[in-house]
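Protein chains in written order, with the numbering used here: chain Z, 1 to 364; chain W, 1001 to 1296.
Don't be surprised by glycine CBs; every beta carbon is placed ideally from N, CA and C.
Taking it in order: structure first as structure tokens, then the write-up.
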Amino acid sequence: MKRFATRRSALFVLALGLIVYPLVVSRFWSVTIGAHALILGIIALSLIFLAGYGGMISLAQTAIAGMAAYAVAILTVPRLPQQILAIPDEPHWPAYLAVAAALLIATVMGALFGLIGVRSQGIYLLMLTAALGVGFFYFAEANYDFLGGHGGIPEVVSPIGYTSQNPAVFYYISLAAAVALYLGVRYLVRTPFGLALQGIRDNPRRMRALGYSVGLHRIAAFGIAGFIAGVGGVLTVWYNGSISPGTVDLTRVIELLVIAVVGGLIFPEGAFVGALAFVLVDTFASSVPAIGGFSFRERFNTLIGLTFLLVVLFSPNGLIGIAQDLTARLRRRRSAPPREPLTESLSRVGRDPASAHADPASEP
Amino acid sequence: MTFDPVQFVTVGLNGLTQAAIYFLVASGFTLIFGLMRTVNLAHGSLYLFGAYLGWSVGAALGKTAEAWVVAIVVAFVGMALVGFLMQRLLLGWMAGQDLRQALVTIGLSIIAADLLLMRFGGVIYQFTPPPFLFGSTSIPFAVSGQYSTYRLFLVAAAIVIGLLLWLLLTRTKLGMIIRAGIDDRHMLSALGVDVPRVFLLVFALGAGLAGLAGVLGGSALSISPGEDARYLLSSLVVVIVGGMGSLGGVAIGAVIVGVAEQYGNFYWPYYAPLVTFGIMAAVLALRPHGLRGRPA
């Protein structure tokens, strides 16, 4: 009972902090750090939803967010750049219609990617979605009919103007979206659909025998993840004020995976912890002084790569896993029953259920 | 645009050239994957690293024909060594955890791309192949009756290397062990074969092929940052289309992907990537394990 109360007051303090935050800090902290982390967290949430509850690691989430971003840009920008050849009159839709269309596109494309990958699992799915995700980058780069090719589409203004004009409002929009999606995921995984999805993650063969349509659940999960990534994409294009292939290239694809893995691939809140950590390192690595001629400002990607490698090698559950281990250790000292650390997660997510040796029931 | 049959032939030859490079890169990828179930997402980095290494050696030796051959050998041996170390130091002790291995190779590819950028910068490098490969050969029906000798050589080289790999896999003791390992690793180790050592050898061979392809492919086109992502993507698509772990599948996949890509680029430039991915989706819908793949 006491633990419950502590938890509730901690949540209250967190919520209050998140709400008051943009009112007391500068524009830099509310948008470049706060909103940026929330947006990256939303896209990472779509990956973590698929990985943690569906056992499907998709590297195509960046591409799907990018599709939503491109949709918003094409539909709302009042003056499309010259290099776009196929649209004589700009559509110039109102923002709410464009956002709805973008989210629909993201959901449908997510489901379509799920359909393409429905019979692939584990590492095969990772390869397939990587190919699809990076493929979208090359498509955006080559397409001058609609997507503006290498230069992309500049001057995308959100309904509240540029983020620099209304930093707090933009932060609140991002926060509202992030909270709604986070709670939505937490709710969804407790519904019959969410439970079936987790059953399929753990043993698709048994679920099929119980009469569940494994394929449809997987496709639906991809569609939902597409919607989540789409929200992130819409916010991304408003945050950047433009969209170009550089927003969906392999570096970004990997960055998203880094965020998800550093946050801990199986916890929805890990998405936001990982994103915040990433944004902070991204922003402040440049101010770390050079050590022996090795400048972190220039070698930022090496720093990220090394961090990622260390997390994968030593803490498969990411930062959240480390925090849980620590609290579990503290509790044990207070002679409370120890909580089981979730160290199995990565190998569980990665296990190819078709050839799983761990479960005798799945052997023919 | 009117259809020009002569143009069609030349674009097709470009497709075969591209297919030859794809085959060289993806054959290493599929060997490693077939035996160890390790998805080496740093394979594109090995291609680029090999190309840069070969270029540095070639430049140091003075851009002669001999230097070019030495560059190929150095790129192969150098990347084989890198692959050996990757397997020995990092991937070997997490055997069986395929996802974790893939993530480790992603981490390595980030670092490799950044360090190569630091060392070689964003400029484009070009090789100087030996003079007797430099000109053009007369080919009937091609544009102006000519086609680059080097590109024809590249196709021939890919075929020869493919045949050598095929001989290695089907006619030698090591090949027998590798094929047995692809079918059942556990049984192989139960028969007394030192499986970790075979893994090391195959990883070195696959990585070496990527390095070799770096010099051969870099001589036909050029080398610059970003090529690592391009060849990683093409390796993925080729093995998904052809079937993972199958050498014949890689050959078929490379030809389909390379030729389709070049025709797409030429006739439908704004939508060319869709051609490749349409083929990939269609193959997966009909044969989920690829054209020549078998269920794992």
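Which term fits residue i, buried or exposed, when burial requires 16 or more other beta carbons within 10 angstroms of its beta carbon?
i: A100 of chain Z; result: exposed
i: E1261 of chain W; result: buried
i: A130 of chain Z; result: buried
i: R252 of chain Z; result: buried
i: W1093 of chain W; result: exposed
i: E1227 of chain W; result: buried
i: D359 of chain Z; result: Because the pLDDT at D359 of chain Z is just 38, under 50, the model does not fix this residue reliably, and the value given afterwards should be weighed accordingly. By the 10 Å Cβ count, D359 of chain Z comes out exposed.
i: P353 of chain Z; result: Unreliable positioning characterises P353 of chain Z in this predicted model, as indicated by a pLDDT of 41, which lies under 50. The coordinate reading is nonetheless provided below. Flag for P353 of chain Z reads buried.
i: V1123 of chain W; result: exposed
i: L1041 of chain W; result: buried
i: M1079 of chain W; result: buried
i: F4 of chain Z; result: exposed
i: Q165 of chain Z; result: exposed
i: S158 of chain Z; result: buried
i: Q1097 of chain W; result: buried
i: R1163 of chain W; result: The question names Arg, yet the displayed sequence has Leu at residue 1163 of chain W. Exposed.
i: D249 of chain Z; result: buried
i: E1066 of chain W; result: exposed
i: P245 of chain Z; result: buried
i: W1268 of chain W; result: exposed
Note down the Cα distance separating residue i from residue j, rounded to an integer number of angstroms.
i: A69 of chain Z; j: A95 of chain Z; result: 12 Å
i: L1053 of chain W; j: D1114 of chain W; result: 15 Å
i: L309 of chain Z; j: G1107 of chain W; result: 5 Å
i: W29 of chain Z; j: A1020 of chain W; result: 51 Å
i: F1008 of chain W; j: V1143 of chain W; result: 9 Å
i: G1083 of chain W; j: V273 of chain Z; result: 34 Å
i: V231 of chain Z; j: A177 of chain Z; result: 8 Å
i: Y1271 of chain W; j: L1031 of chain W; result: 32 Å
i: H217 of chain Z; j: L1091 of chain W; result: 33 Å
i: R208 of chain Z; j: Q198 of chain Z; result: 13 Å
i: I123 of chain Z; j: G52 of chain Z; result: 15 Å
i: H1289 of chain W; j: A1281 of chain W; result: 12 Å
i: S46 of chain Z; j: Q61 of chain Z; result: 7 Å
i: T1172 of chain W; j: I1182 of chain W; result: 15 Å
i: G1012 of chain W; j: G1264 of chain W; result: 11 Å
i: V1074 of chain W; j: V1057 of chain W; result: 8 Å
i: Q121 of chain Z; j: M56 of chain Z; result: 7 Å
i: I200 of chain Z; j: Y187 of chain Z; result: 18 Å
i: A102 of chain Z; j: F222 of chain Z; result: 16 Å
Can you tell me whether residue i is helix, strand or coil according to DSSP?
i: G161 of chain Z; result: strand
i: S287 of chain Z; result: helix
i: S1148 of chain W; result: strand
i: I243 of chain Z; result: strand
i: T302 of chain Z; result: helix
i: Y212 of chain Z; result: coil
i: S1136 of chain W; result: strand
i: Y1125 of chain W; result: strand
i: I116 of chain Z; result: helix
i: I153 of chain Z; result: strand
i: R339 of chain Z; result: With a pLDDT of only 38 at R339 of chain Z, under 50, the local geometry of the prediction cannot be trusted, and the value read off the model is given with reservation. Looking at R339 of chain Z - three-state DSSP - the assignment turns out to be coil, as it is neither helix nor strand.
i: I1223 of chain W; result: strand
i: M1094 of chain W; result: helix
i: Q1018 of chain W; result: helix
i: R8 of chain Z; result: helix
i: D1004 of chain W; result: coil
i: H92 of chain Z; result: coil
i: Y70 of chain Z; result: helix
Within the same chain, show all residues whose beta-carbon is closer than 7 Å to that of residue i, passing over the 5 residues directly before and after it, in chain order.
i: S1148 of chain W; result: S1136
i: R1179 of chain W; result: L1169
i: I1161 of chain W; result: L1024
i: M109 of chain Z; result: I64, M67, G226
i: F1266 of chain W; result: V1011
Quick one: what's got a C-beta closer than 6 Å to residue i's C-beta in the same chain, skipping five residues either side?
i: L235 of chain Z; result: I39, S174
i: G1218 of chain W; result: A1051, F1127
i: I84 of chain Z; result: G148
i: V1025 of chain W; result: Y1047, A1210, A1213, Y1231, S1235
i: H92 of chain Z; result: P78
i: L14 of chain Z; result: none
i: L1205 of chain W; result: none
Quick check on residue i - is its C-beta less than 8 Å from some C-beta in chain B?
i: M56 of chain Z; result: The structure shown contains no chain B; the protein chains it does contain are Z and W.
**Prompt:** Okay, do the segment 274-282 of chain Z and the segment 246-266 of chain Z touch, 3+ Cβ pairs below 8 Å being the bar?
**Reply:** Because the criterion of three Cβ pairs below 8 Å is met, the segment 274-282 of chain Z and the segment 246-266 of chain Z touch.
**Prompt:** Touch check for the segment 1009-1025 of chain W and the segment 1246-1258 of chain W: three-plus C-beta pairs under 8 Å?
**Reply:** Judged by Cβ distances under 8 Å, the segment 1009-1025 of chain W makes contact with the segment 1246-1258 of chain W, as three or more pairs qualify.
**Asked** Is there contact between the segment 1195-1206 of chain W and the segment 1069-1089 of chain W, where contact requires at least three CB pairs shorter than 8 Å?
**Response** Touching, per the Cβ criterion.
**Prompt:** Do the segment 1272-1280 of chain W and the segment 124-144 of chain Z meet, that is, are 3 or more Cβ pairs less than 8 Å apart?
**Reply:** With a cut-off of 8 Å, the segment 124-144 of chain Z and the segment 1272-1280 of chain W count as touching, because enough Cβ pairs lie within range.
**Asked** Do three or more CB pairs link the segment 183-200 of chain Z to the segment 9-20 of chain Z at distances below 8 Å?
**Response** Taking 8 Å as the limit for Cβ pairs, the verdict is that the segment 9-20 of chain Z does not touch the segment 183-200 of chain Z.
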